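Undergrad:
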Amino acid sequence: MSNWVSVCELKDITPGTGVCALHNGEQVAIFRVSANEQLYAVSNYDPFSKANVMSRGITGALGGRVMVAAPMYKQHFDLATGECLEDAEVSLKVYPVRVNAGQVELG
Amino acid sequence: MSKKRIIVVGNGMVGHNFINTLATSEYASQFEILTFSEEPRLAYDRVQLSKYFSGYTAADLALTTESEYNEKGVIFTLNDKVVGIDTHAKTITTASGRIEGYDKLVLATGSYPFVPPVPGKDQDHCLVYRTIEDLEAISASAAVSKTGVVVGGGLLGLEAANALKAAGLETHVVEFAPRLMAVQLDEGGGKLLRRKIENLGVTVHTEKNTKEIVAGEECRYRMNFADGSFLETDMILFSAGIRPQDELARKFGLELGERGGIVINDFCQTSNDDIYAIGECALWDNKIYGLVAPGYQMAKVAYNHIIGNLITHIPSELAFKGADMSTKLKLLGVDVASIGDAHGRTAGSQSYVFNDDIGEVYKRLIVSADGKKVLGAVLVGEAESYGTLLQLMLNNMDIPGNAASLILPATDGAAAVGLGVSSLPDTAQICSCFDVTKGQIQEAVRNGCHTMGALKEATQASTGCGGCAALVKQVMDAELESMGVEVNTDICEHFAYTRAQLADIVRVQGYSSFEQVLEGHGKGEYGCEICKPALGSILASFNNEYVLKDGLIGLQDTNDIFLGNMQKDGTYSIVPRIAGGEITPEKLIVLGEIARDYDLYTKITGGQRIDLFGAQLHQLPEIWKKLVDAGFETGHAYGKSLRTVKSCVGSTWCRYGVLDSVSMAIALENRYKGLRSPHKIKFAVSGCTRECAEAQSKDIGVIATEKGWNLYVCGNGGMRPRHADLFATELDDDTLIKYIDRVLMFYVRTADRLQRTSVWMENMEGGLDYLKNVVINDSLNICEELENAMTKVVGTYQCEWKTTIENPEKLKRFSQFINSDKADDNLAYVRERGQRRPATELERIELVDLNSK
Numbered sequence: 001m002s003n004w005v006s007v008c009e010l011k012d013i014t015p016g017t018g019v020c021a022l023h024n025g026e027q028v029a030i031f032r033v034s035a036n037e038q039l040y041a042v043s044n045y046d047p048f049s050k051a052n053v054m055s056r057g058i059t060g061a062l063g064g065r066v067m068v069a070a071p072m073y074k075q076h077f078d079l080a081t082g083e084c085l086e087d088a089e090v091s092l093k094v095y096p097v098r099v100n101a102g103q104v105e106l107g
Numbered sequence: 001m002s003k004k005r006i007i008v009v010g011n012g013m014v015g016h017n018f019i020n021t022l023a024t025s026e027y028a029s030q031f032e033i034l035t036f037s038e039e040p041r042l043a044y045d046r047v048q049l050s051k052y053f054s055g056y057t058a059a060d061l062a063l064t065t066e067s068e069y070n071e072k073g074v075i076f077t078l079n080d081k082v083v084g085i086d087t088h089a090k091t092i093t094t095a096s097g098r099i100e101g102y103d104k105l106v107l108a109t110g111s112y113p114f115v116p117p118v119p120g121k122d123q124d125h126c127l128v129y130r131t132i133e134d135l136e137a138i139s140a141s142a143a144v145s146k147t148g149v150v151v152g153g154g155l156l157g158l159e160a161a162n163a164l165k166a167a168g169l170e171t172h173v174v175e176f177a178p179r180l181m182a183v184q185l186d187e188g189g190g191k192l193l194r195r196k197i198e199n200l201g202v203t204v205h206t207e208k209n210t211k212e213i214v215a216g217e218e219c220r221y222r223m224n225f226a227d228g229s230f231l232e233t234d235m236i237l238f239s240a241g242i243r244p245q246d247e248l249a250r251k252f253g254l255e256l257g258e259r260g261g262i263v264i265n266d267f268c269q270t271s272n273d274d275i276y277a278i279g280e281c282a283l284w285d286n287k288i289y290g291l292v293a294p295g296y297q298m299a300k301v302a303y304n305h306i307i308g309n310l311i312t313h314i315p316s317e318l319a320f321k322g323a324d325m326s327t328k329l330k331l332l333g334v335d336v337a338s339i340g341d342a343h344g345r346t347a348g349s350q351s352y353v354f355n356d357d358i359g360e361v362y363k364r365l366i367v368s369a370d371g372k373k374v375l376g377a378v379l380v381g382e383a384e385s386y387g388t389l390l391q392l393m394l395n396n397m398d399i400p401g402n403a404a405s406l407i408l409p410a411t412d413g414a415a416a417v418g419l420g421v422s423s424l425p426d427t428a429q430i431c432s433c434f435d436v437t438k439g440q441i442q443e444a445v446r447n448g449c450h451t452m453g454a455l456k457e458a459t460q461a462s463t464g465c466g467g468c469a470a471l472v473k474q475v476m477d478a479e480l481e482s483m484g485v486e487v488n489t490d491i492c493e494h495f496a497y498t499r500a501q502l503a504d505i506v507r508v509q510g511y512s513s514f515e516q517v518l519e520g521h522g523k524g525e526y527g528c529e530i531c532k533p534a535l536g537s538i539l540a541s542f543n544n545e546y547v548l549k550d551g552l553i554g555l556q557d558t559n560d561i562f563l564g565n566m567q568k569d570g571t572y573s574i575v576p577r578i579a580g581g582e583i584t585p586e587k588l589i590v591l592g593e594i595a596r597d598y599d600l601y602t603k604i605t606g607g608q609r610i611d612l613f614g615a616q617l618h619q620l621p622e623i624w625k626k627l628v629d630a631g632f633e634t635g636h637a638y639g640k641s642l643r644t645v646k647s648c649v650g651s652t653w654c655r656y657g658v659l660d661s662v663s664m665a666i667a668l669e670n671r672y673k674g675l676r677s678p679h680k681i682k683f684a685v686s687g688c689t690r691e692c693a694e695a696q697s698k699d700i701g702v703i704a705t706e707k708g709w710n711l712y713v714c715g716n717g718g719m720r721p722r723h724a725d726l727f728a729t730e731l732d733d734d735t736l737i738k739y740i741d742r743v744l745m746f747y748v749r750t751a752d753r754l755q756r757t758s759v760w761m762e763n764m765e766g767g768l769d770y771l772k773n774v775v776i777n778d779s780l781n782i783c784e785e786l787e788n789a790m791t792k793v794v795g796t797y798q799c800e801w802k803t804t805i806e807n808p809e810k811l812k813r814f815s816q817f818i819n820s821d822k823a824d825d826n827l828a829y830v831r832e833r834g835q836r837r838p839a840t841e842l843e844r845i846e847l848v849d850l851n852s853k
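Keeping their order, the protein sequence lines are chains Y and B.
Be aware that the first sequence starts at 1, since it is given in the UniProt record's numbering, and climbs by one per residue.
Be aware that the second sequence starts at 1, since it is given in the UniProt record's numbering, and climbs by one per residue.
Now the structure itself:
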């Protein structure tokens, strides 16, 4: 059973951007790709550059898959599954995320 | 096996071409190449000599450098003329007494200017026009003269007249024949050329035979003509034709032509099998070829013959078969071209003539008796059809359609009859300067050259006079099409447009958000990391809104979104603007204090600024608060936008400076700061032609002269350096800024994504001339619009950091965590030379070990 933890308010995440939350000692990147309440959460650690920067990437879609482009070297990661589109062996950990009464919660 | 020795006498354009061919060939290691020149410098571009007067330096004109020769192992001796040949011992002797042996000797001694034997011709201020030293003498003489006369109304004479006019002299041309350019033009063409040149303020005197040069009354000299008239002038430039420099051959028994010139056979061998002659000193079939392209052709023939003779022992089949002397050029700004039998001397030939006195265009087309083939043409005032006509003649092709339409102006609705490149044979020579055929261009395209830039680099086509650029592009496009390469220029899967097209859409529709453009013209609902920043940049270029505004913030790329430059560990570097590189000690101290307090790695940049590295996200606002309080502004080092305007100290301090380059650099930097563009833009301003600011390696380069600013455009350093092109000369401050406004805004409108100005211009059909036409002559009638657009950008400038630190909502994003004040624990540094730098992976492991102990 998930234990939902509130990390910020939805309005703290400008549509089209991401933020990073410290969650159980882990860095989690949370993205709001458009103006609605749909959020995505993946690990903030970029496995290619080995830096904690994923939340600062540009989001979008490629071939129908909602993705984030790593800010450092621009590899694409599927935000729903964490898979890297360029390298099948690499993926980001995906976290459960939801909006509850205006609060962003990680599970 | 010992190396074969080749001695090349003379290091002009053709001699250098031969040396370069040999030194870069697969056989280079089997040769020792020596060259001697009586001039003080290695080969330079004599074709472009007149550019010396519009600000080009000897270095700009150079075709090679001493270090390049050293690298290639070419042994060169300057200022030492070869004065003797011992054909039995196979040695040469130089003026300084050196004796060197050769296996093959190549004479590339060129020509010298013919000075008619007129009494008084040897006085001071009676000069010729051939070498850089001649030009220096002309400059010096022009500085103390008011009136100048060029003797000779041929091609070189008119070039020389241009030089005198540019030097500000009252200029006259004196010609013996009844018309200008008698060799290349017919009567109608010569007449119009004269009219156009006289309209430019150059007085032309034809049918004048100079009898003597005596002391003048009003001016320094008086030229008395055979018909009793006279002309007063302060200086005289002789440019009455060339004579082959055949002195050596004459002294040492090589066969000469009746009127001079070293006789050569089809393999460019002289009457001595081991001695070759190439270029303007050589006489083939009783003809001297005074153009560079045939000279290069001879160099190639001689090279092949020498290789066949000394190395492969397979006789070379490449022979010199004469050369086409068609030519196209701009004389005093007038387009002039002459093709083939320009005088209609072929038996039975017929002509079409188009004469437009109002528009000042004259064209004559000479066709065969049956009217099917082009034999020649004269074009004055407009020469766009040169390429088509030349190919029709060279390839002996049937005239497509109505011959008259080849020279008639296109009327509305009817496209000009062009030549489909597909009809040309593969052997058709497209670039005559570097002898590149249609087949070679096609092959290069098939091997991956899909842009003009790549094609030029691979084949050299269109890098000489540039006259064939349009044709080369047509061949490239046709080949791409036949390869089935659909050149997909879509910016990404969301927009079926190029960046330039998107820019037009945004501008015309007046859009202000990404969503509007996506909804009206794109696919999908999200976009991607290609189209978002591209449109973010376009929106900023035209609307100039705060880039972190809601709705725009998500379009900003890695660096822009936090107004800093992300480094490898996710920290940022900070670059405040230091306009023109000028900074007060107080401000330097502030930078030092901040760097010390935050332990920022500090480095001077190439653009005369100071870069502070290693600031974490949450530190950026605090640091910028201090910087803004101290009077600093953002430097936009993170943006595709104006970076810096580098400058030298200029006339305020420098004892050589002629204009105040620092003030101009600061004015330009403050004018264009914040302009978002397809790629970064760099400027520089030099206070004199010593060019300490290296302006010729910048997108926009400005160099002071005594008469105003010279403007250079479209240069860059970096991966593929390119010298900027001289765009306009002797400008006042207002005109300079007006031109830069127009160039930049035209670039912003029409360039591709991440395309520097250099590539932008190289890929522009018509290149530099087209850009000049748009910006200087307003050929598209958009200059006012471009200036207004720039005025808007200038008027809406804001320091993005100042706006940001005043906006608490925006500052929330500047922290590692949205829910904690902690810092990123993944950062690790070591100290080096007194500063910190990110730890390498190995060092990180050691650091962790130390910590755990």
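Using N, Cα and C, we set each Cβ at its ideal position, and we do this for glycine too.
Computed from a prediction, not measured in an experiment: that's the story for all the values here.
1. Just the Cα atoms here: how many angstroms apart are residue 305 of chain B and residue 241 of chain B?
2. Quick one: what's got a C-beta closer than 7 Å to residue 538 of chain B's C-beta in the same chain, skipping five residues either side?
3. Expressed to the nearest angstrom, what Euclidean distance is found between the alpha-carbon atoms of residue 90 of chain B and residue 316 of chain B?
4. Just the chain Y side, please: which residues come within less than 7 Å of residue 818 of chain B by C-beta, in chain order?
5. For residue 74 of chain Y, return the contacting residues in chain B, with the cut-off set at a CB-CB distance below 8 Å.
6. Just to confirm my understanding: we take residue 9 of chain B, look at its own chain, exclude 5 residues before and 5 after, and list those with CB closer than 8 Å. What are they?
7. Applying a beta-carbon distance threshold of less than 8 Å, which residues of chain B neighbour residue 34 of chain Y?
8. To the nearest angstrom, how far is the alpha carbon of residue 271 of chain B from that of residue 256 of chain B?
9. Please look up how many angstroms separate the CB atoms of residue 73 of chain B and residue 200 of chain B, rounded, as I've assumed it's under 8 Å.
10. Alpha carbons only, please: which of Y:84, Y:6, Y:15, Y:78 is nearest the one belonging to residue 37 of chain Y?
11. Who are the Cβ neighbours of residue 768 of chain B in its own chain at under 7 Å, not counting the five residues just before and after it?
12. Is there at least one Cβ from chain Y nearer than 9 Å to residue 640 of chain B's Cβ?
13. Report the rounded CA-to-CA distance for residue 99 of chain Y versus residue 25 of chain Y, giving the unit in angstroms.
14. Near residue 3 of chain Y, what residues of its chain come up, given a Cβ to Cβ distance below 8 Å and the 5 sequence neighbours on each side ignored?
15. Using Cβ-Cβ distances below 7 Å, what residues of the stretch 37–50 of chain Y are close to chain B?
16. Given a cut-off of 9 Å, decide if residue 746 of chain B and residue 774 of chain B are closer than it, judged by their beta-carbon atoms.
17. Going by C-alpha to C-alpha distance, which of B:715, B:638, B:577 sits closest to residue 668 of chain B?
18. Name, going along the chain, the residues of the stretch 564–578 of chain B whose beta-carbon falls closer than 7 Å to a beta-carbon of chain Y.
19. Decide if residue 286 of chain B is buried, meaning its Cβ has at least 16 other Cβ atoms within 10 Å, or exposed.
20. Is there a Cβ of chain Y sitting closer than 9 Å to that of residue 554 of chain B, yes or no?
21. Taking the alpha-carbon positions, what's the residue 113 of chain B to residue 283 of chain B distance?
22. Please confirm if the stretch 613–627 of chain B is in contact with the stretch 656–674 of chain B, defined as three or more CB-CB distances below 8 Å between the two stretches.
23. Quick check: the Cα distance between residue 101 of chain B and residue 719 of chain B, rounded to an integer number of angstroms?
24. Can you find a C-beta in chain Y that's less than 9 Å from the C-beta of residue 558 of chain B?
25. So, does the CB of residue 98 of chain Y fall closer than 9 Å to a CB anywhere in chain B?
26. Give the DSSP-derived three-state secondary structure of residue 247 of chain B in the structure shown.
27. Show which residues of chain B have a CB atom less than 8 Å away from the CB atom of residue 62 of chain Y.
28. In three-state DSSP terms, what is residue 302 of chain B?
29. Using a Cβ-Cβ distance cut-off of 9 Å, determine whether residue 27 of chain Y contacts chain B.
30. Rounded to whole angstroms, how far is the Cβ of residue 541 of chain B from the Cβ of residue 677 of chain B, which I believe are closer than 8 Å?
31. Closest to residue 631 of chain B by CA distance: which of B:611, B:362, B:590, B:229 is it?
32. Below 7 Å on C-beta distance, what does residue 561 of chain B contact in chain Y?
33. Could one say the Cβ of residue 533 of chain B lies closer than 9 Å to chain Y's Cβ atoms, at least one of them?
34. With burial defined as no fewer than 16 other Cβ atoms inside 10 Å of the residue's Cβ, what is the status of residue 697 of chain B: buried or exposed?
35. At a CB-CB cut-off below 9 Å, which residues of chain Y make contact with residue 550 of chain B?
36. Where do the N-terminal and C-terminal ends of the alpha helix (DSSP H) with residue 533 of chain B fall, by residue?
TA: Per the coordinate set shown:
1. Numbered from 1 along the second sequence, position 305 holds the residue referred to as residue 305 of chain B. Numbered from 1 along the second sequence, position 241 holds the residue referred to as residue 241 of chain B. The alpha-carbon atoms of residue 305 of chain B and residue 241 of chain B are separated by roughly 31 Å.
2. For the purposes of this step, residue 538 of chain B is taken as the residue at position 538 of the second sequence. Once the five neighbours on either side are set aside, the close Cβ partners of residue 538 of chain B are 502, 503, 506.
3. Residue mapping note: residue 90 of chain B aligns to position 90 of the second sequence, counting from 1. Residue mapping note: residue 316 of chain B aligns to position 316 of the second sequence, counting from 1. Rounded to the nearest angstrom, the two C-alpha atoms are 23 Å apart.
4. Start at 1 with the first residue of the second sequence, and residue 818 of chain B comes out as number 818. Simply 7, 8, 12, 19, 20, 21.
5. Counting from one through the first sequence, the residue named residue 74 of chain Y turns up at place 74. Result: 529.
6. Translated into positions along the second sequence, residue 9 of chain B becomes position 9. 15, 35, 36, 82, 92, 105, 106, 107, 108, 109, 248.
7. On the first sequence, residue 34 of chain Y is found 34 positions in, with the first residue counted as 1. Within 8 Å Cβ-Cβ: 525, 526.
8. Taking the second sequence and counting its residues from 1, the one referred to as residue 271 of chain B is at position 271. Taking the second sequence and counting its residues from 1, the one referred to as residue 256 of chain B is at position 256. Spanning the two alpha carbons is a distance of roughly 9 Å.
9. Taking the first residue of the second sequence as 1, we reach residue 73 of chain B at position 73. Taking the first residue of the second sequence as 1, we reach residue 200 of chain B at position 200. So it is not a contact: roughly 48 Å between Cβ atoms.
10. Stepping through the first sequence from its first residue, residue 37 of chain Y is reached at position 37. Comparing Cα-Cα distances from residue 37 of chain Y to each of Y:84, Y:6, Y:15, Y:78, the minimum goes to Y:15.
11. Taking the second sequence and counting its residues from 1, the one referred to as residue 768 of chain B is at position 768. Closer than 7 Å at Cβ, skipping near neighbours: 725, 761.
12. Counting from 1 along the second sequence, the entry for residue 640 of chain B is found at position 640. By this cut-off, residue 640 of chain B is not an interface position.
13. Mapped onto the first sequence, residue 99 of chain Y falls at position 99. Mapped onto the first sequence, residue 25 of chain Y falls at position 25. Using only the alpha carbons, I get a separation of about 21 Å.
14. Translated into positions along the first sequence, residue 3 of chain Y becomes position 3. Closer than 8 Å at the Cβ level, and outside the excluded window around residue 3 of chain Y, lie 107.
15. 49
16. For the purposes of this step, residue 774 of chain B is taken as the residue at position 774 of the second sequence. For the purposes of this step, residue 746 of chain B is taken as the residue at position 746 of the second sequence. Yes, these two residues count as a Cβ contact at 9 Å.
17. Reading the second sequence from its first residue, position 668 is the one you call residue 668 of chain B. Considering only alpha carbons, the answer is B:577.
18. 566, 568, 569, 570
19. Taking the first residue of the second sequence as 1, we reach residue 286 of chain B at position 286. Classification for residue 286 of chain B: exposed.
20. The residue given as residue 554 of chain B occupies position 554 in the second sequence. For residue 554 of chain B, the answer is yes, since a Cβ of chain Y falls inside 9 Å of its Cβ.
21. On the second sequence, position 113 is the one that residue 113 of chain B refers to. On the second sequence, position 283 is the one that residue 283 of chain B refers to. Cα to Cα, the separation comes out at about 17 Å.
22. no
23. Translated into the one-based positions of the second sequence, residue 101 of chain B becomes position 101. Translated into the one-based positions of the second sequence, residue 719 of chain B becomes position 719. Whole-angstrom Cα-Cα distance: 43 Å.
24. In the second sequence, the residue the question calls residue 558 of chain B occupies position 558. Yes, because at least one Cβ of chain Y sits closer than 9 Å to the Cβ of residue 558 of chain B.
25. Numbered from its first residue, the first sequence carries residue 98 of chain Y at position 98. Output row for residue 98 of chain Y: interface = no.
26. In the second sequence, counting from the first residue as 1, residue 247 of chain B sits at position 247. Here residue 247 of chain B sits in helix by DSSP.
27. Position 62 of the first sequence, counted from the first residue, corresponds to residue 62 of chain Y. Residues of chain B passing the Cβ test: 493, 528.
28. Taking the second sequence and counting its residues from 1, one reaches residue 302 of chain B at position 302. Of the three classes helix, strand and coil, the one that applies to residue 302 of chain B here is helix, per DSSP.
29. As a position in the first sequence, residue 27 of chain Y is number 27, starting the count at 1. Taking Cβ atoms only, chain B reaches closer than 9 Å to residue 27 of chain Y, which makes this a yes.
30. For the purposes of this step, residue 541 of chain B is taken as the residue at position 541 of the second sequence. For the purposes of this step, residue 677 of chain B is taken as the residue at position 677 of the second sequence. Correct: roughly 6 Å between the Cβ atoms.
31. For this step, residue 631 of chain B is matched to residue 631 along the second sequence. Nearest option by C-alpha distance: B:590.
32. In the second sequence, the residue the question calls residue 561 of chain B occupies position 561. Under the 7 Å cutoff, chain Y gives 56.
33. Reading the second sequence from its first residue, position 533 is the one you call residue 533 of chain B. Yes, contact with chain Y.
34. For the purposes of this step, residue 697 of chain B is identified with residue 697 of the second sequence, where counting begins at 1. Under this definition residue 697 of chain B is a buried residue.
35. Taking the first residue of the second sequence as 1, we reach residue 550 of chain B at position 550. 14, 15, 16, listed in chain order.
36. By 1-based counting over the second sequence, the position of residue 533 of chain B is 533. Counting along the chain, the alpha helix (DSSP H) containing residue 533 of chain B begins and ends at 531–543.
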